[in-house]
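> Following this message is one structure expressed as C-alpha cells.
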Amino acid sequence: MAYRMSRLDDPAESVMDTRLKSIVRVNDFVVKFANVNGSGSASANGLFARAILRMGVPVAARNIFPSNIQGLPTWYEVRIVEAGWRGRRGGVDLMVAMNPQTWDKDVAEIESGGYLFYDSTKPLPPSKFRDDVTALGVPLTAICNETYSDVRQRQLFKNIVYLGALSALLDLDATEIERLFAEQYRGKEALLESNRKALHLGRDYALAHFDCPIGLTVARRDAVGERIFIDGNDAAALGAVYGGATVAAWYPITPSSSLAESFAKWCRKLRVEPATGKQRFAIVQAEDELSSIGMVIGAAWNGARAFTATSGPGVSLMQEFLGLAYFAEIPTVLFDVQRGSPSTGMPTRTQQADLISCAYASHGDTKHVLLLPEDPRECFEFGALAFDLADRLQTPVFVMLDLDIGMQDWLCEPLTWDDSRRLDRGKVMTAQELDAGRDFGRYLDVDGDGIPYRTYPGTHAAKGSYFTRGTTKDRYARYTEEGPAYVDNMQRLQRKFETARSIVPKPVLTRAAQPTNAGVIWFGSTGAAMAESLAELERQDIHLDRLRIRAFPFDDAIPEFVAAHDHVFVVEQNRDAQLKMLLVNECGIDPAKLTSVLHYDGTPITERFITREIGEKARLYNVTPLSGIRYQVTGNRKAGGRAA
Amino acid sequence: MTYLAKPKLHHPALPKNAVGYTRRDYEGAISTLCAGCGHDSISAAIIQAFYELDIEPHRVAKLSGIGCSSKTPTYFLGNSHGFNSVHGRMPSVLTGAALANRDLIYLGVSGDGDSASIGLGQFAHVLRRGVNMVYIVENNGVYGLTKGQFSATADKGSKSKRGAINSDEPIDLVLLALALGATFVARGFSGDKAQLVPLIRAAVAHRGAAFIDVVSPCVAFNNHPGSTKSYDYVREHNEAVNRLDFMPERAPITTDYAEGSVRDVVLHDGGTVRLRKLHADYDPSDKVGAMAYLESRRAQGEVVTGLLYVDTQSDDMHASLRTVDAPLNSLGDAELVPGHAALAAVNASLR
C-alpha cells in the first residue's frame, strides 16, 4: 500500500482476536457488497443499511455502480460508524462477494484480519482465499434452489437469504428487518411472508454453522436521533417544490435524472389542487438539453419559477442559452449533478469537475452564481434558495451537486422550513406601479445595485412592455448597437455581480482547536471525509483552520482567510484544481500560498486519502509541529509553492 | 441610434376595433428590412389580423429565433412583450413561456434557416407537444442576413443569385408539420394578403399547435430567374386549394357560392372559418389525403396554399399536462409552498 497507516488507522492492529487474528469491532467497520447489476441486490442491501439505522447506529452508504442495466459489476459499501462520520473511510472489513467476475479484486481489497462472505454452493480452490481473512461460506444457491422453483425467485431471494445470514453473523436485530419488510410490503401479505421466510433461511443457516456473531458486530445505540436518510437529488427536488418552482424541463442524463423524477414525485404529493386534482406544476421531458434550458428561460421570462437538472455534458449543450440568460437577465435555475465527464466518460462516478465550466459558462464576458451544497440537507436549502436568488438577481443560478451527494443516501439533520418565509420574487413592476407613473426602463439601474426592474408579459395594456434581446439594447430596451450603451450595460451587470457576492451563502469558518497559521478550504461533498480527516490530523498534531466555501462569487472572507494563513490546503475532486484556479483568478491570491489536494478517480474522496495527502504535504513543508507545539511554518515560502 | 420609432401621429378619425384600438396600435417600429421584402408584408398581415380579431396587443407574446424573419417582431405589436432568442431555439422558449402563462396568445416567428436547419429538432418537438401557439415560418429559401446562402427549404435544382445550383433535397415544412402532429397546417404567400390575414386569424382561434408556412421572397438574394421562391415563380405556381373568410362567430351561410363549394369549419372559440373550395376534391380534415395531394403537387413544382389541414377537436399541452386553470406564474406562496407541517411528514418518511 502506498501510504503508511497511522496508529488508529489500522483496524488489524487495534484490537485482535488472538486465535483467528481477526478484526474485532463494534459499530465501526465497513461492509462491501459485490453484486451483479440487475440481480435485485440493491433492495436487500438498502434494507441492510436501514436496519442498522433503525438500531440507532449511523451508517454511510454508497452505491458504486456501472453505466449499465444488467450484467456488469456493482458494489454497495456500508460503513457502520457510531461516530457518525459521513464520508468513506477507505478499506473493507467484510466483503460480501456475490460476483464471480470481480472475486479476485474484491478479495484483495479486504483488510488483513477481515472477513469474506460468499456463496459456497460450488467449491472454490484454496488459491481463491486469503490466509489472513476469515471465509464465511453459505450455500446460497443451493438453499434457494431447494426452496424455490421459480428461476427469478431463486435469484431475488438469494439476496434476502444473505441478508438473513449477515443478520446472524453481525448480530443485527432481525425484527428491525422484518419491520422494514412490513412497511415495504404493506397490504401484500404473500410477498411479506416469502421475504420473511428467505430471511430466516439465511439466518438459521448462519446460526447453525458459525459461531455467531463474528468479530464485527452492530450493537443497539441511540446515535441516529431525528436524523433522516435521503439522497441529494431527492432533497434538491423537494427544495425546488419549497422554492416555488412550477416549471421543470429536463433531459435524462445520469446522475441527474432522479432529481427531475423526484420533483414529479414530490409535486404529485404536495402540489395538486385539491378541488380539481389538477397540477400546480408542469414538467416536460424535453428532446435535448438545449430545449430544456430554452423552456426554463421562456417560463422564467414569463414569470414562473423554472429549473432544469443536468450534468456536465448537458451544461455544455446549454452554453449558448446560458449566455442569453445572463445578458437578457432571465432568472434561471440549473442543478448540475456533476459526474466524470465526457459523455462516454464515467457517468456513474463522482467528480467536482464542472466548477470552471459553470462559473464562466457561455460566450462573451459571462460569470454566474454557483451554490455549493455539502450534503442533501443543504441541497434542500439551496434548492429552495436558488429560486429566490435567481429572481432577485435576474440571472442564472447553478446548484452544484455531484453524484456522491445526488445519488447516495446520506444521514442528515431533519429538513426544516420557516412558515413565515415568503418567496422573494425580486424586482417585478406591477400594473399598479406603472399606472402610478413609475418610470420603467428594463435595464435601468434604479437602486444602484445593478438589478433593474422587469415586467411580466401581459402586465399592462399600454405600459411596461419591452423587447428582450441579448446586448443590443439601451437602458429602455430599445435596439442599439452603440458602443457606449453596450459598455454601460456591461458595467451594470458587473455591479449586479457584486450585489450577488453580498447575498449568496457565506463561507463557514471554523477555527482549529489550537492557534495555527495553516488552513484548509473545500466545498461540497468533500466535507464528509474532510470532517473526519481533520479530527485525525488533529490527533497527529496537525491543526488547521477550516473554511468551507458555499457559493460563488466568493465572499471577501475567503481571500481574508488565505491572507491570514501561511499555507492553505485546497481539497477538491478534480484534476485541474478548479477551485484553486477560481480563487487565484477571482481573488488575486498568490498561487504559492495554496496547496492542492486533488482526488479524481471517480470514487468519493476518503478520510484516509485526505489525511495522508495533507499529512505528507505538511511534513514536506517541514511544518508539522512536535506534539504540543504550535503549528508553525519553518520552511521558506518558495518550497511551499513548488509543492503546489 | 438604430432604433426607429414610428411617429405617434394618428389620424383622429382612424376607426377603432371592438376593444378600442386603432390599426396603428398594432404596429411596431419601422422595419429595417430591405424595401420590398416579403417579410414586411407578413408583418402587415399580422397587424391586420390582430386588429381584426379585437385582441388587446399586450395579451400577445411574440417570440422569434435569429435571422431576417426573426427581426420582424420588432415591426409589429409594439405593445406586446417580445423575445428575440437564440438561433433555431424559439420553439423551446415559446414552450416555456406557454407553460408559465396559459392565458396569453403566443406568436412564434421564424425563418427557413431558423426552423428547417439549425432548429429542425425544436420545430418538430414543439408541434408534437401541441403547444397552443401560432408558428409562422417566413420562408424564402435563403439566408438573408449572411448574404445569400441556400437554406434547407431551397428546391433542388434552384439557382442562387451567384449562379450556384442547389443539389440537396428540400425540406417541406408543411409535410413535416402534418407528419409531426400539428393540428392546424396552412401555407400562404406574402404576396397574397387577402388569403394570409384570415389564415392567421383562424390559426389564432385554433387551440393547439398551428403552423403557417409563408413563402416570402427575398428581394436581395432570392428573387431572380431560376429561384423557386421568387415573386414571379410563386405567382405562376401558386395553387390555392381554398380561400378563407374568418368569422368570429357562427354566421348563416350566404348563397353567394355554388352548392358544395363552401365549407364552414367551427373552431374552439366558436369562430368559424368559411372555406371557399377551389379544388372540389380537397378535404382539409383528411390528413392522409392532404399529405398525398401536397406531395404530388410538389413533384409538379406547384406551391399549394390555403388551409391544408385542421383538426377541430384538438387539445393543447396544458390539457395533457393537466395543469391548473390559473396561469402557473400567478400562483402564490399558499399554493406553492407546502410548509413546515408537510415537511415534518416528509422527514418522518425518511427514517
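Residue numbers (my numbering), protein chains in the order written: chain S, 7 to 650; chain P, 19 to 369. Cβ atoms here follow ideal geometry from the backbone N, Cα and C, with glycine treated the same way.
To the nearest angstrom, how far is the alpha carbon of residue 70 of chain P from that of residue 35 of chain P?
Between residue 70 of chain P and residue 35 of chain P, the C-alpha separation is close to 7 Å.
> Please name the residue in S/401, S/608 and S/121 whose C-alpha comes closest to that of residue 221 of chain S.
Per the Cα distances, S/121.
> If you draw a straight line from the C-alpha of residue 235 of chain P to the C-alpha of residue 241 of chain P, how long is it?
If I take the Cα positions, the gap works out to 6 Å.
> Relative to the C-alpha of residue 210 of chain P, which candidate in P/225, P/168, P/253 and P/177 has its C-alpha closest?
Minimum Cα distance to residue 210 of chain P is reached at P/253.
> How about residue 33 of chain S: is its C-beta nearer than 7 Å to some C-beta of chain P?
No, residue 33 of chain S does not count as interfacial toward chain P.
> Below 8 Å on the Cβ atoms is my guess for residue 201 of chain S versus residue 104 of chain S; work out the distance and round it to an integer in Å.
Contact doesn't hold; Cβ gap of about 18 Å is too wide.
> Between residue 321 of chain P and residue 257 of chain P, what straight-line distance do the alpha-carbon atoms span, to the nearest angstrom?
Using only the alpha carbons, I get a separation of about 6 Å.
> Roughly how many whole angstroms lie between the Cα atoms of residue 91 of chain S and residue 533 of chain S?
Roughly 10 Å separates the two Cα atoms.
> Please check if any C-beta of chain S sits within less than 7 Å of the C-beta of residue 140 of chain P.
Interface residue, yes.
> Any C-beta of chain S within less than 9 Å: which residues of the region 307 to 340 of chain P qualify?
Of all residues in the region 307 to 340 of chain P, 335, 336, 339 and 340 have a Cβ within less than 9 Å of some Cβ in chain S.
> Taking only beta-carbon atoms, is residue 121 of chain S less than 7 Å away from chain P?
No, because no Cβ of chain P sits closer than 7 Å to the Cβ of residue 121 of chain S.
> Tell me the DSSP secondary structure of residue 30 of chain P in three-state form.
Three-state result, residue 30 of chain P: coil.
> Which runs of the alpha helix (DSSP H), 4 residues or longer, sit entirely within the region 50 to 76 of chain S?
For the region 50 to 76 of chain S, not a single whole alpha helix (DSSP H) run of length 4 or above is found.
> Find out if the Cβ-Cβ distance for the pair residue 526 of chain S, residue 499 of chain S is shorter than 7 Å.
Not a contact, by the Cβ cut-off of 7 Å.
> For a contact defined as C-beta to C-beta under 7 Å, what are the partners of residue 285 of chain S on chain A?
Checking the listed chains, one finds no chain A in this structure; the protein chains it contains are S and P.
> Measure from the alpha carbon of residue 76 of chain P to the alpha carbon of each residue in P/93, P/100 and P/343, then state which is nearest.
For the residues P/93, P/100 and P/343, the minimum Cα distance to residue 76 of chain P belongs to P/100.
> What's the gap between the Cα of residue 359 of chain P and the Cα of residue 64 of chain S?
Straight-line Cα distance between these residues: approximately 26 Å.
> What three-state label does DSSP hand residue 299 of chain S in the structure shown?
In this structure, residue 299 of chain S counts as helix in the three-state DSSP scheme.
> If we ignore side chains and look at the alpha-carbon of each, how far apart do residue 46 of chain P and residue 386 of chain S end up?
The alpha-carbon atoms of residue 46 of chain P and residue 386 of chain S are separated by roughly 45 Å.
> Please report the distance separating the alpha-carbon of residue 461 of chain S from that of residue 581 of chain S.
Cα to Cα, residue 461 of chain S sits roughly 44 Å from residue 581 of chain S.
> Which partner residues does residue 280 of chain P have in the DSSP bridge list?
According to DSSP, which records beta bridges pairwise, residue 280 of chain P is partnered with P/294.
> Given residue 229 of chain P, which residues of its chain have a CB within under 6 Å of its CB, disregarding the five upstream and five downstream residues?
Only 153, 195, 200 and 203 meet the Cβ criterion.
> So the alpha helix (DSSP H) residue 30 of chain S belongs to, where does it begin and stop?
Counting along the chain, residue 30 of chain S falls outside any alpha helix (DSSP H), and DSSP gives it neither H nor E.
> Just to make sure I have the definition right: I need the residues of chain S whose C-beta is within less than 9 Å of the C-beta of residue 187 of chain P. Which are they?
Chain S residues near residue 187 of chain P: none, gap ~23 Å exceeds 9 Å.
> For residue 306 of chain P, count the other beta carbons within 10 Å of its own beta carbon; 16 or more makes it buried, fewer makes it exposed. Which is it?
Residue 306 of chain P is exposed by the Cβ-count criterion.
> Label residue 426 of chain S either buried or exposed according to how many other C-beta atoms from any shown protein chain fall within 10 Å of its C-beta, with 16 as the threshold for buried.
When all chains shown are included, residue 426 of chain S counts as exposed.
> Just grab the DSSP bridge partners of residue 167 of chain P for me.
In the DSSP output, where bridge partners are listed per residue, residue 167 of chain P has P/161.
> Taking C-beta pairs closer than 8 Å, name the residues in chain S that residue 97 of chain P reaches, listed in chain order.
In chain order: 467, 468 and 471.
> Starting from residue 126 of chain P, follow its DSSP beta bridges and name the residues at the other end.
Per DSSP, P/81 and P/153.
> Name, please, each residue of chain S whose Cβ falls closer than 8 Å to the Cβ of residue 92 of chain P.
Those within 8 Å of residue 92 of chain P in chain S are 473 and 485.
> To the nearest angstrom, how far is the alpha carbon of residue 317 of chain S from that of residue 267 of chain S?
Approximately 15 Å, taken between the alpha carbons.
> Could you check where the beta strand (DSSP E) with residue 205 of chain P kicks off and where it finishes?
202 to 207 is the extent of the beta strand (DSSP E) around residue 205 of chain P.
> Under 8 Å, with one C-beta from each stretch per pair, do the region 169 to 183 of chain S and the region 58 to 76 of chain S reach the 3-pair mark?
Verdict: yes, contact present.
> Within 10 angstroms of its Cβ, does residue 48 of chain P collect 16 or more other Cβ (buried), or is it exposed?
Exposed.
> In angstroms, rounded to a whole number, what distance separates the CA positions of residue 275 of chain S and residue 483 of chain S?
Those two C-alpha atoms are separated by around 41 Å.
> Would you please state the rounded distance, in angstroms, between the beta carbons of residue 311 of chain S and residue 393 of chain S? I believe it to be under 8 Å.
Yes, residue 311 of chain S and residue 393 of chain S are in contact; Cβ-Cβ is about 5 Å, under 8 Å.
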